[in-house]
Amino acid sequence: MGGRNAPASSASLGNTPNACSLPPPTFQEQGRLKNSIPIGLILTSIALSPTLIPMPNWVLYAILSALFAGLTGVLAKGGMKGISADLGLAIRTAVVLAMVVVNLFMWKGVKDLSVLTPRAWMLLIASGLGTTLSWVCYYRAMKDGPVSYVATIDKGSLLVTLLLSFLFLREPITGKLLLGAGLVTSGLIVLAWK
Numbered sequence: 001m002g003g004r005n006a007p008a009s010s011a012s013l014g015n016t017p018n019a020c021s022l023p024p025p026t027f028q029e030q031g032r033l034k035n036s037i038p039i040g041l042i043l044t045s046i047a048l049s050p051t052l053i054p055m056p057n058w059v060l061y062a063i064l065s066a067l068f069a070g071l072t073g074v075l076a077k078g079g080m081k082g083i084s085a086d087l088g089l090a091i092r093t094a095v096v097l098a099m100v101v102v103n104l105f106m107w108k109g110v111k112d113l114s115v116l117t118p119r120a121w122m123l124l125i126a127s128g129l130g131t132t133l134s135w136v137c138y139y140r141a142m143k144d145g146p147v148s149y150v151a152t153i154d155k156g157s158l159l160v161t162l163l164l165s166f167l168f169l170r171e172p173i174t175g176k177l178l179l180g181a182g183l184v185t186s187g188l189i190v191l192a193w194k
């Protein structure tokens with residue numbers, strides 16, 4: 001009876017795998033783990049947000065857009081070391097073109113070509129020209145200036161969007177929108193102040 005409760009021998013313990021016997025992670029592995037935790041938490045929270053916090057699809061897409069837009073500025077700044085802003089923009093645009101074409105055919109959006117009106121063509125082409133000018137200016141500013149400042153000032157486009165959406169699209173201007181626009185303007189003034 002007493003043998004049933006006796007502790008296992010040291011020999012039998014040595015034959016069983018023990019998590020404590022694993023070597024500790026190296027300093028480099030610890031750094032990678034520490035850096036991956038915030039990104040993992042952000043992506044997990046975004047993936048779970050539709051179930052935890054009910055929201056329309058467009059809100060989720062807008063959040064993802066902000067996340068990826070924040071990444072592109074930092075990645076582009078790092079990638080333009082030793083090259084011109086125009087070459088960096090050309091490489092980025094080539095990747096964007098390829099990915100957009102793949103996305104178009106994956107989601108079968110190409111079938112909508114037949115319903116495009118001349119006015120829609122004109123507005124979309126004008127939008128493309130505006131995007132081109134915006135990107136050229138953005139990359140040249142980012143090449144010479146701190147990306148944190150350039151990206152924040154670039155968000156001043158929100159004010160232009162709000163004004164044009166009210167004038168041309170007749171979208172309502174609410175107190176919340178005006179407050180947000182005022183805060184953005186204040187931030188731009190703080191950054192531009194010397």
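Numbering (the working numbering), first residue to last: 1 to 194. Even glycine gets a Cβ: it sits at the ideal position worked out from N, Cα and C.
For the pair Val100 and Ile91, the Cα-to-Cα distance works out to about 14 Å.
When Phe168, Ser157, Gly128, Leu169 are compared, the shortest CA-CA separation from Gly180 is found for Ser157. Contact annotation: Tyr139 and Leu191 have beta-carbon atoms that are not nearer than 7 Å. Counting along the chain, the unbroken alpha helix (DSSP H) around Val59 starts and ends at 57–79. Counting the other Cβ atoms within 10 Å of the Cβ of Met80 gives 16 or more, which makes it buried.
Taking a C-beta distance under 7 Å as the contact criterion, Leu104 and Val95 do not qualify as a contact pair. Listed in chain order, the alpha helix (DSSP H) runs fully inside the segment 102–170 are 118–144, 147–154, 157–168, counting runs of at least 4 residues. Between the alpha carbons of Thr93 and Ser127 lies a distance of about 15 Å. Lys143 is a Cβ neighbour of Ala85, given a cutoff of 7 Å. In terms of Cα proximity to Lys176, the closest of Leu162, Thr131, Leu188 is Leu162. Here Ala141 is not near Gly73, since their CB atoms are 7 Å or more apart. Between the alpha carbons of Gly82 and Ser134 lies a gap of roughly 22 Å. Note on geometry: alpha-carbon atoms of Pro54 and Ile63 lie some 14 Å from one another.
Each residue's CA atom was taken as its position, placing Ser186 and Leu60 some 27 Å apart. Closest option to Leu183, judged by alpha-carbon separation, among Phe168, Lys155, Ser165, Ala76: Lys155. Between the beta-carbon of Val136 and that of Leu89 there is about 6 Å, and that keeps the pair under the 8 Å contact cut.
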